[in-house]
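To start, the structure under review is shown below, and the notes come after it.
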Amino acid sequence: QKEVEQDPGPLSVPEGAIVSLNCTYSNSAFQYFMWYRQYSRKGPELLMYTYSSGNKEDGRFTAQVDKSSKYISLFIRDSQPSDSATYLCAMNYGGATNKLIFGTGTLLAVQP
Amino acid sequence: NAGVMQNPRHLVRRRGQEARLRCSPMKGHSHVYWYRQLPEEGLKFMVYLQKENIIDESGMPKERFSAEFPKEGPSILRIQQVVRGDSAAYFCASSLTGDTTGELFFGEGSRLTVL
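Chains as they are written, first to last, in the numbering used here: chain A, 1 to 112; chain B, 1001 to 1115.
This is how it looks when you write it as C-alpha cells:
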C-alpha cells in the first residue's frame, strides 16, 4: 500500500466549474500537508500549505485536511483554462527535515 | 531574483555512460533536495543536502547514484553506468531553512533519457 494515494485522473471539467481533488494517506504521523501545481514540462509550485485539520482558503483555492480520516482535499472555485495542470498532494512528518512524500498527481483539464 | 536553476534540461545517454545533473539553488538557500519523477508516478525523494553535507540519503539507490553540494558551486547528482530504468525527470528543490517551515522551490527539472 502506498503511503499517499491520489486518483491520477484525468479529470475534465468545463470552465467555471468547482473542482475537487483528493488524497488519502495511511501514516498518521504526517504533520504538514501541501498541494503543488505542476504544468507540463515544468517544476512543481506550491499552492497551499496546511498543518492542522480544517480549511484554509486562498483566493479561488481551498485546502481541507481531515486528520481523523487521513484525507485531504483541494477545491478550486470558478475554474479557468489556466488551471489545467497536474495537481500533486504532498505531506511530511514535521521536525528538522522538509522531506516530502508526494501523491502521484491528478491531471486536470479545464475546457473553455 | 533567479529561481532554482537546473541543467542540462535534457540529457541523452547510452547505457553504461555517466550522467551529471547540476542544480543551483535560489540565492541565499543552502538546503537542496533532489527528487525523481518516473513516468506515471509522483515525485520520489532521493537526497537532502546542506552545504558540504549529506543530511538524508534514504531515497538514493544504493549503487551508481551519488550527490554532492560543495562549498562553492552547484549541487550535482551523478549517475554512473546508467540503465534504461534511470530514464526520468530529476527535480531539484531548495529552501531557506531545512525544516518544515521552509517552502521548497523547485527547478524545472532535468530530463534524462537512456538509450
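All C-beta atoms, glycine included, are put in the ideal place defined by N, C-alpha and C.
For clarity, every value in this text was computed on a predicted model and none was experimentally measured.
Same chain only: Cβ atoms within 6 Å of residue i, ignoring 5 sequence neighbours per side
i, result
"TYR1048/B", "TYR1033, ILE1055, ASP1056"
Proximity of residue i and residue j at Cβ, strictly below 7 Å
i, j, result
"ARG37/A", "TYR71/A", "no"
"SER28/A", "PHE75/A", "no"
"LEU1021/B", "SER1110/B", "yes"
"ARG1013/B", "VAL1083/B", "no"
"SER84/A", "VAL110/A", "yes"
"GLN1006/B", "CYS1092/B", "yes"
"TYR51/A", "TYR32/A", "yes"
"SER79/A", "ALA17/A", "yes"
"GLY1042/B", "GLY105/A", "yes"
Residue i at chain A interface by Cβ criterion, 7 Å
i, result
"SER1077/B", "One point to set straight first is that residue 1077/B is Leu, not Ser, in the sequence displayed. Not one chain A Cβ lies under 7 Å of LEU1077/B."
"ASP1056/B", "yes"
"GLU1108/B", "yes"
"SER1094/B", "no"
"LEU1011/B", "no"
"LEU1112/B", "no"
"LEU1038/B", "no"
"GLY1042/B", "yes"
"GLY1085/B", "no"
"PHE1065/B", "no"
"GLY1102/B", "yes"
"PHE1045/B", "yes"
"PHE1091/B", "yes"
Test: residue i CB closer than 7 Å to a CB of chain B
i, result
"ALA63/A", "no"
"PRO44/A", "yes"
"GLY103/A", "yes"
"GLY94/A", "yes"
"TYR32/A", "yes"
"THR97/A", "yes"
Spatial neighbours of residue i in its chain, beta-carbon cut-off 8 Å, leaving aside the 5 residues before and after
i, result
"LYS1071/B", "LYS1051, GLU1052"
"GLY1003/B", "MET1026, PHE1105, GLY1107"
One or two residues paired with residue i in a DSSP bridge
i, result
"ASN1007/B", "ARG1022/B"
"ARG1111/B", "HIS1010/B, ALA1089/B"
"PRO14/A", "GLN111/A"
"LYS56/A", "ALA63/A"
"GLN1/A", "Partner(s): none; GLN1/A has no beta bridge."
"HIS1031/B", "GLN1050/B, SER1095/B"
"ASN22/A", "SER73/A"
"GLN6/A", "CYS23/A"
"LEU88/A", "TYR36/A"
"GLU113/A", "Residue 113/A falls outside the range modelled here, since chain A spans only 1 to 112, and no answer is possible."
beta-carbon residue i near the ligand FAD non-hydrogen atom, thresh 6 Å
i, result
"SER1030/B", "The ligand FAD is not among the ligands present in this structure, which contains no ligands whatsoever."
Same chain, Cβ closer than 7 Å to residue i, neighbours up to 5 away in sequence not counted
i, result
"GLY1119/B", "Nothing can be reported for residue 1119/B, as the shown portion of chain B is limited to 1001 through 1115."
"GLN1017/B", "VAL1082"
"CYS23/A", "VAL4, GLU5, GLN6, ILE72, CYS89, GLY103"
"SER1087/B", "LEU1112, THR1113, VAL1114"
"GLN1080/B", "GLU1018, ARG1064"
Inset, instruction - Mind listing, in chain order, the continuous beta strand (DSSP E) runs of no fewer than 3 residues lying wholly within the segment 1035–1082 of chain B? - result: 1043–1050, 1053–1056, 1065–1068, 1075–1079
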